[in-house]
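Numbering-wise, the sequence shown is residues 1 to 765 according to full-length UniProt numbering.
Even for Gly, the Cβ is constructed at its ideal location relative to N, Cα and C.
Note that the structure is predicted; figures quoted are calculated from it, not measured.
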Amino acid sequence: MDNLIIENTFQKENFPFYQYSEFQNVKLINANIFKATFKISQKTVAFKNIYLNDNDKFTLDNLINEIKRYRKLGIHDSILKFYGITKQENTNNYMIILEYVNEGSLRQYLKTNFQKLDWNAKLNLAKQIADVLMFLHSNNIIHGKFNSENILIHNGIIKLNVFGLTKIISDSLRFFTNNTGPVQYMDSQHLELFNTIGKNKSSDIFGLGIILWEISSGNPPFEMESSSNVDLLNNIVKGIREMAIPGTPHKYKEIYTDCWKHHGNSRPNISHVVENLSEIIISDSSVEFGTPQSQPNNVTDLKSDNLNIQKEEPGIKPDLFNDITTDFINDLFEIFIDIYKKQFIETVPFMIKNYIRELKKNCWKHHGNSRPNISHVVENLSEIIISDSSVEFGTPQSQPNNVTDLKSDNLNIQKEEPGIKPDLFNDITTDFINDLFEIFIDIYKKQFIETVPFMIKNYIRELKKSPVKILFEMIRHPSYYLYSSLIGFFYQCGIGTVVDYRMAFKFFNLAANEIIDTSSSDSSSLRKLYNINREIGIISLADMYFDGIGVEKDTKKAFQIYNKLAFKGSLMSLNTVAYCYDDGLGVEKNEEKAFELYLKSAEKGNIPAQSNVSLCYEYGTGITKDEVKGFQWNLKSALAGNINAMFNVGCSYDNGIGVCVDEKEAFKWYLEAAEKGLSIAQHNLGRYYKDGEGIDEDQVKAFEWFKKAAENDYSNCQYKLGECFYDGYGTEKDIVKAVYWLNRAKENGNTDAEQLLEEIINSII
1 MDNLIIENTF
11 QKENFPFYQY
21 SEFQNVKLIN
31 ANIFKATFKI
41 SQKTVAFKNI
51 YLNDNDKFTL
61 DNLINEIKRY
71 RKLGIHDSIL
81 KFYGITKQEN
91 TNNYMIILEY
101 VNEGSLRQYL
111 KTNFQKLDWN
121 AKLNLAKQIA
131 DVLMFLHSNN
141 IIHGKFNSEN
151 ILIHNGIIKL
161 NVFGLTKIIS
171 DSLRFFTNNT
181 GPVQYMDSQH
191 LELFNTIGKN
201 KSSDIFGLGI
211 ILWEISSGNP
221 PFEMESSSNV
231 DLLNNIVKGI
241 REMAIPGTPH
251 KYKEIYTDCW
261 KHHGNSRPNI
271 SHVVENLSEI
281 IISDSSVEFG
291 TPQSQPNNVT
301 DLKSDNLNIQ
311 KEEPGIKPDL
321 FNDITTDFIN
331 DLFEIFIDIY
341 KKQFIETVPF
351 MIKNYIRELK
361 KNCWKHHGNS
371 RPNISHVVEN
381 LSEIIISDSS
391 VEFGTPQSQP
401 NNVTDLKSDN
411 LNIQKEEPGI
421 KPDLFNDITT
431 DFINDLFEIF
441 IDIYKKQFIE
451 TVPFMIKNYI
461 RELKKSPVKI
471 LFEMIRHPSY
481 YLYSSLIGFF
491 YQCGIGTVVD
501 YRMAFKFFNL
511 AANEIIDTSS
521 SDSSSLRKLY
531 NINREIGIIS
541 LADMYFDGIG
551 VEKDTKKAFQ
561 IYNKLAFKGS
571 LMSLNTVAYC
581 YDDGLGVEKN
591 EEKAFELYLK
601 SAEKGNIPAQ
611 SNVSLCYEYG
621 TGITKDEVKG
631 FQWNLKSALA
641 GNINAMFNVG
651 CSYDNGIGVC
661 VDEKEAFKWY
671 LEAAEKGLSI
681 AQHNLGRYYK
691 DGEGIDEDQV
701 KAFEWFKKAA
711 ENDYSNCQYK
721 LGECFYDGYG
731 TEKDIVKAVY
741 WLNRAKENGN
751 TDAEQLLEEI
761 INSII
């Protein structure tokens, strides 16, 4: 459609239209949201992209109607104000101009400010959110994606962007938004009976209940669970919800648990929620003790003013408490005292929380005979004791965020005795940690760094071990400092915990700088363990500087660390130094130097370097192109265990690069890499089974390999898996799982998935 026609239409409707040149400092702040400053008034505003299809008057008409409806909603203070429209220069991209918010989403706000919020502030947020939702519902508007990422905060005031939410709007008027939103906030009944256009007001009420819980906790729901986990979806359908946070007002807890009931007709309407929230008053006496949380339950219900508190007897009689319950409480309190005395306060909460979350998952398993008894829970909780030595690296002051010069080998760090007695650690535990560390070292030496996390995760999963327990066992072990690089790796990759770059840095720093006595004649294995732990620690610190993870990005500093370590004989660092020269990162680009160092590292046995030499020969980087030599080096790396090289060998046989085409050989190497967890190899293997290349066609096996790759977050296979569930290819048809996987693929940028989702929606309509 001609731009002149569009802009004339805006003018007829009295929609303010601004030239893009009237704004400055335009910056992308989200997927399709921009921040900009109006030059004249210096007012900060937000742009949101909209795309009008060519020759589609219906789309333009719907846009006009949507803006009219939105302007009517703008009378509410918690709806983002609509200021007008602009058009990005030299494109056909139109943008609506909206009010800008300065504190981000509710999720970001809680993460930043939660410790400063008392219950009055939390209740105020809850009331504002409920109030604006009531306004929407009174105007017969269903939000449909009600979660903490879609609720915004400006100077402590709730703001909603509801542009494009009304059901009347055309599908051809596309807004870049998630069709479903995070699984944790989705109506459990909607998940069970998935109907893309079937959301109603009770679905918003379900999301509101989750948000109210999030306000009470400061954390997203099921934070330790991946939102991409199908098991999480199934658990929500089965009625699993987050546990109440200690100190939550009873009335408040009743409100959100009513909201997230499974059946929509059992949930309250929004007016009842608003009314019930208004009946909660936080008593002023809570401030007497200095912190809002110190008297969290001091809540008055307006309907219970006539209660005689002095006569109130405890609601539970002592004889209802059996010995097991009493023992459990006593044990828990003793653990609390022990930790409180020994630890810096900042190191304790997240560790306790992660472990209890693991216990919680076991306690609410679907089948009763799968749940632990109370004695097992007490036993597991009693294992949460953190050694005194943890205080050496538990605070920012104890390990400053710098890397000690590699020449400082003579550092003498006096070690305190661990706070946990060695006899608490049996041979099985120690043997397992040793085995895991050896596996970690083997993978770290043989693989490219980006493949290490999923291989470790797969190893733990195959053993059916809890990563949370593994992390705790390593931290509590008397010789934890020998595994500190692995502990840092767990924090860096979010294995058994949330991703925590600060803690990762601390443990890597500990590995890099720890000095122990390895001079005794019987300590050769200890010396070997210490040396590799230190090497990985130093490399990992350099990696953090190289990528700007948890610290300010500094490729020059990273290169200097790699170079010093390579000079001391580290083949892993030498390979990385070559990579820096290859790409000109932290040092002047020099492809000939890069090849020279790749080759030096490869000839001395570094397996990833052998694969890099192969790539240099294949593409003529720093050396004359020679695909045959490239294949030979790839094969050498693959035979030594590098899974990327295995995949590349498969590609060589698949496409005839440096070797004759051989589909059976290609299949063999793809299978080798796929079984070790490489998602792109799993994708190719699925394609082979689907198309019958090098193997008999097998729909079920094709589906299984696509599923493995999809679960490893490979977006193309997430799309293919959605297709399989939609068409019933290799599995039973399942529209719920089809939409789930297609939506995940769409979130990862797969445009084919977006088109198929629209097709599914249209078929339902």
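Measuring alpha carbon to alpha carbon, tell me which residue in the options is nearest residue i.
i: Tyr50; options: Lys43, Asn62, Lys39 and Gln42; result: Here residue 50 turns out to be Ile, not Tyr, going by the sequence shown. Out of Lys43, Asn62, Lys39 and Gln42, Asn62 has the C-alpha closest to the C-alpha of Ile50.
i: Pro268; options: Lys201, Ile441, Ile280 and Glu242; result: Lys201
i: Thr429; options: Leu678, Asn648 and Ile475; result: Ile475
i: Ser271; options: Gln128, Gly218 and Asn150; result: Gln128
i: Leu125; options: Lys39, Gly694, Arg107 and Thr451; result: Arg107
i: Lys72; options: Ile141, Ala121 and Thr248; result: Ile141
i: residue 810; options: Asp654, Tyr729 and Gly722; result: Absent from the structure is residue 810, since the part of the chain shown begins at 1 and ends at 765.
i: Ile470; options: Leu486, Leu482 and Lys593; result: Leu486
i: Glu627; options: Asp431, Phe490, His250 and Ser614; result: Ser614
i: Leu541; options: Pro453, Asn513 and Arg527; result: Asn513
i: Leu133; options: Ala710, Ile211, Phe34 and Ser105; result: Ile211
i: Cys724; options: Tyr714, Ser715 and Lys737; result: Lys737
i: Ser203; options: Glu149, Pro249, Pro246 and Ser266; result: Ser266
i: Phe507; options: Asn533, Val498, Lys528 and Gly496; result: Asn533
i: Asn65; options: His143, Tyr688 and Phe15; result: Phe15
Taking only the alpha-carbon atoms, compute the straight-line gap between residue i and residue j and give it to the nearest angstrom.
i: Arg69; j: Ser138; result: 14 Å
i: Leu160; j: Lys261; result: 25 Å
i: Ile197; j: Asp752; result: Because Ile197 sits at a pLDDT of 39, beneath the cut-off of 50, its placement in the model cannot be relied upon, and the point is left open.
i: Lys342; j: Glu279; result: Note that Lys342 scores a pLDDT of 46, beneath 50, so its modelled location is shaky; the value from the coordinates is reported in the next line. For Lys342 and Glu279, the distance between alpha carbons rounds to 42 Å.
i: Ile443; j: Glu552; result: 28 Å
i: Tyr355; j: Ser679; result: In this predicted model, Tyr355 has a pLDDT of only 48, less than 50, meaning its place in the structure is not dependable; the value taken from the coordinates is given anyway. The alpha-carbon atoms of Tyr355 and Ser679 are separated by roughly 30 Å.
i: Ser525; j: Leu565; result: 21 Å
i: Glu275; j: Asn93; result: 43 Å
i: Gly730; j: Trp705; result: 11 Å
i: Lys111; j: Ser652; result: 48 Å
i: Glu22; j: His76; result: 28 Å
i: Ile760; j: Asp547; result: 40 Å
i: Ile309; j: Glu103; result: Only weak support exists for where Ile309 lies, its pLDDT of 34 falling under 50; the coordinates are left without a value.
i: Gly605; j: Arg241; result: 51 Å
i: Asp582; j: Ala594; result: 5 Å
i: Glu747; j: Leu756; result: 13 Å
i: Val391; j: Glu697; result: Model confidence at Val391 stands at a pLDDT of 30, short of 50, so the residue's coordinates are unreliable; what they give is reported in the following sentence. Near 59 Å, if we compare the C-alpha coordinates of Glu697 and Val391.
i: Gly658; j: Trp633; result: 11 Å
i: Cys580; j: Gln42; result: 43 Å
i: Thr257; j: Leu136; result: 22 Å
i: Lys677; j: His154; result: What sits at residue 677 in the sequence shown is Gly, not Lys. Roughly 45 Å separates the two Cα atoms.
i: Tyr688; j: Ala710; result: 16 Å
From the DSSP output, which residues share a beta bridge with residue i?
i: Lys27; result: Lys35
i: Asn48; result: It should be pointed out that residue 48 corresponds to Lys in this sequence rather than to Asn. Answer is Ile33 and Ile96.
i: His154; result: Ile157
i: Phe82; result: Leu98
i: Phe17; result: Ile85
i: Ser105; result: Leu152
Would you say residue i and residue j are within 8 Å of each other, going by their C-beta atoms?
i: Glu535; j: Ser484; result: no
i: Ile460; j: Phe440; result: no
i: Ser601; j: Ala578; result: yes
i: Phe559; j: Gly586; result: yes
i: Ile205; j: Phe163; result: no
i: residue 769; j: Leu599; result: This structure does not reach residue 769, given that the chain is present from 1 up to 765, and the question cannot be answered.
i: Gly641; j: Lys446; result: yes
i: Tyr726; j: Ala745; result: no
i: Thr9; j: Leu60; result: yes
i: Glu588; j: Thr621; result: no
i: Leu510; j: Tyr530; result: no
i: Leu98; j: Val26; result: no
i: Ser105; j: Leu152; result: yes
i: Trp213; j: Pro221; result: yes
i: Tyr20; j: Lys81; result: no
Could you tell me which uninterrupted alpha helix (DSSP H) segments, each at least 4 residues in length, are contained entirely in the region 565-618, listed from first to last along the chain?
571-583 and 591-603
Which ranges does the alpha helix (DSSP H) cover as unbroken runs of at least 4 residues, wholly within the region 116-156, from first to last along the chain?
119-138
Could you tell me which uninterrupted alpha helix (DSSP H) segments, each at least 4 residues in length, are contained entirely in the region 506-547, listed from first to last along the chain?
524-547
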